[in-house]
Structure formats: structure tokens, C-alpha cells
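Colleague: Quick one: structure below, then a few questions.
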Amino acid sequence: MLHGNARQLTLEHMRVFVAVIETESFSKAGEELGKSQPAITQIIKRLEDILAFPLLLRKQGRIETPTPDGRIFYLKAKKVLDATDEAFFSIRGSPFSGKLRIGVLDDFQAKYIPTLIRSCRVMYPNVELEITSELSWRLNEGLQRGNLDAILNKHIYTPDFLETPLSVEPLRWVAAQNFVLTSSPIPLVVFHEGCLYRQCAIDALNNSGIAWRIAYSSYSYSNIQEAVSAGMGISPLPPRAMLLNHDDISLTLELPALPDICMTIRLSQSLQADRMANEVVRLIAKTFVKENSLLDYGNDDTGAPE
């Protein structure tokens, strides 16, 4: 709830605060906005005075983290700025032009790709997107070789993960309801070699000294789900990939914990300083978060997640 005078709040206040949060630095926010660090500090202080509550926790002059109120204000301010930018560019047109080659994972349903393209056309009508759907290792290879400009990809998430993820979800051991393990080794239902889910499962079992075997493998999500439903074995899957006749048996069989998986978006090194590329990538990231997930399991035959 705002305790100050809302009429004193400006877009500049919000833009500076959002930049500070996203760069995690007063000096970097100043570089991004073309302002000095003292100016950024003064604007944030003025904003906190207007709102009548602290937005940032500080320790020895450094930003530790936004306060709970700061987190709420950041999300609201971000929406206002996004809407303002969209309104501006829809009238004035975007200054950016060119082509960006974007790589996405094979389990991105094609029906969601037009959402990305439409969002880009509204904000940046002179930017052409070229979307490539591939396996994870091929996306990384394409980025490194300069065949792709940016990729949406999955990684194991840990508390010290260096990037800001677009989303984080757990992996669970999933089996058919009333599944009974009758013998060792544990039968696995997994995607083909190169899948992050598969590797996480195998590493977890090996580290725990638990014997396993591949009972079924496929590139298709629906095939994996059907194999699990048929009782062919257990599979490492995110909860939202579970069907109604699936159970999370992570604790039932005392299996080793699986890691969380996060989604990130990465730009090629050659475009790190390119304003157009960064703006479009931010839009793609925003669209991804808005949709909550571009993944839609179990409706069509899609490729493996990695």
C-alpha cells in the first residue's frame, strides 16, 4: 500500500529502480541509463521518500536484496514500464532493425512460437526473428559457433547459479499409480542420450549406489508418459508433465533427490553489447514468464527436453 503521494511518482523513478534491481548495482544501473552513481542513489532515496518505505536492503553500501515491499514494487513498476514502452513503440515505431536467430528446445510447442513473434512485431516491427527448434547440446553448439544469436535452454539449478533463471522447477521420480518395483535394477523410462533429465537421474542413482537399467527410451514426451502409465518403469519428470494416472514416488521408494531445473536465455558473446539484441531478448524473456511456461506436455508428439 502506498503511504506517500502517488502523484509525485514518475516513470523515471520506476525505470531507475527497475534498472538497479536487474543490474544489482547502482553504478551499473547508472551506466545503463546514462546517469552518474550519485544521481541513481539520489533518485532511489527520493523514491523511498515518496513511497514512505524502504525498497532495498543495504550492507556496507552494497545492495543485498530488495525488501518484501521492494519486490512487490519492482513487479508492478516493471509492468508499467513494459506497457509504456509498448504504447510508445506502437506509435513511434522501433529504432531497431535486423534479424535475430533464436534457438529453442524441442519440447517447445510450435503453437506458442507465434506468441513470441507477435510480441516482437508489436515492439520491434523492423526486427525479424528466425526460430530454430533443437536439442539442448545442439543449441549450445549453435551459439558457440555463431549459428544462433540467442538460445532458451535448461540447466541444473543451484543456489549459486550465476544467471537469473526465467523459471525453476523440480524434477521428481514418477511412476504409474500402484507401481510395484519387483526386482533390481530399477527400470528407467527416459529420453535418449543427451537429455538433461536422463543424466540427472543416472547421476543420482550412481552416486547412491543404486543399480538401474534402461527399460524404455524415446524422443517423444507422449511416448515417455505412456510408457510410465503402462508400468514399464520410473521416469525423472517435472510435476507438470505428470498425467492423472501418475504418482510422485520420490519418497515411496526412498530414491535419491533429483535437482531443480531452470530455464535461461543466453546471448552470443558477439551480441552482449548489442542494444537491439538485448532489448529483443528481454521481450522474449518477459513473454516466457508471462506464459508461465512455453512447454505443454502430453498433447502432441514433441522432442526430448534436452
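Numbering-wise, the sequence shown is residues 1 to 306 according to the UniProt record's numbering. Glycine included, C-beta positions come from ideal geometry on N, C-alpha and C. Computed from a predicted structure; not experimentally measured.
(1) Quick check on this structure: which residue in Glu24, Thr10 and Phe17 has the alpha carbon closest to the alpha carbon of leucine 162?
(2) Please work out which residues of its chain come closer than 8 Å, Cβ to Cβ, to isoleucine 117, disregarding the five sequence neighbours upstream and downstream, and give them in chain order.
(3) Starting from the N-terminal side, write out each stretch of the beta strand (DSSP E) that is 3 residues or longer and does not extend beyond the stretch 147-171.
(4) Any contact of the stretch 250-257 with the stretch 266-278, i.e. 3+ C-beta pairs under 8 Å?
(5) With histidine 246 and alanine 201 assumed to form a contact (beta carbons below 8 Å), what rounded beta-carbon distance in angstroms separates them?
(6) Please list the terminal residues of the continuous beta strand (DSSP E) segment that includes aspartate 274.
(7) Does the stretch 209-223 come close enough to the stretch 179-188 that 3 or more CB-CB pairs lie under 8 Å?
(8) So who's on the other strand from histidine 246, going by DSSP bridges?
(9) Going by CA-CA distance only, name the one from Ala83, Leu105, Ser167 and Leu47 that's closest to aspartate 69.
(10) Relative to the alpha-carbon of serine 229, which residue among Gln177, Ala19, Ile72 and Asp203 has its alpha-carbon at the smallest distance?
(11) For threonine 264, list the residues DSSP reports as bridge partners.
(12) Is it buried or exposed, leucine 2, if we count other Cβ atoms within 10 angstroms and call 16 or more buried?
(13) Just list the alpha helix (DSSP H) runs in the stretch 199-232, keeping only unbroken ones of 4 residues or longer that don't cross its boundaries, in chain order.
(14) Using three-state DSSP, classify phenylalanine 191 as helix, strand or coil.
Modeller: Concretely, from the data shown:
(1) Glu24
(2) Leu129 and Ile131
(3) 150-157 and 167-170
(4) no
(5) Contact doesn't hold; Cβ gap of about 16 Å is too wide.
(6) Where aspartate 274 is concerned, there is no enclosing beta strand (DSSP E), given that its DSSP letter is neither H nor E.
(7) yes
(8) Ala176
(9) Leu47
(10) Gln177
(11) Asn153
(12) Low confidence applies to leucine 2: its pLDDT is 42, below 50, so where it sits in the model is not reliable enough to give any reading.
(13) 221-229
(14) strand
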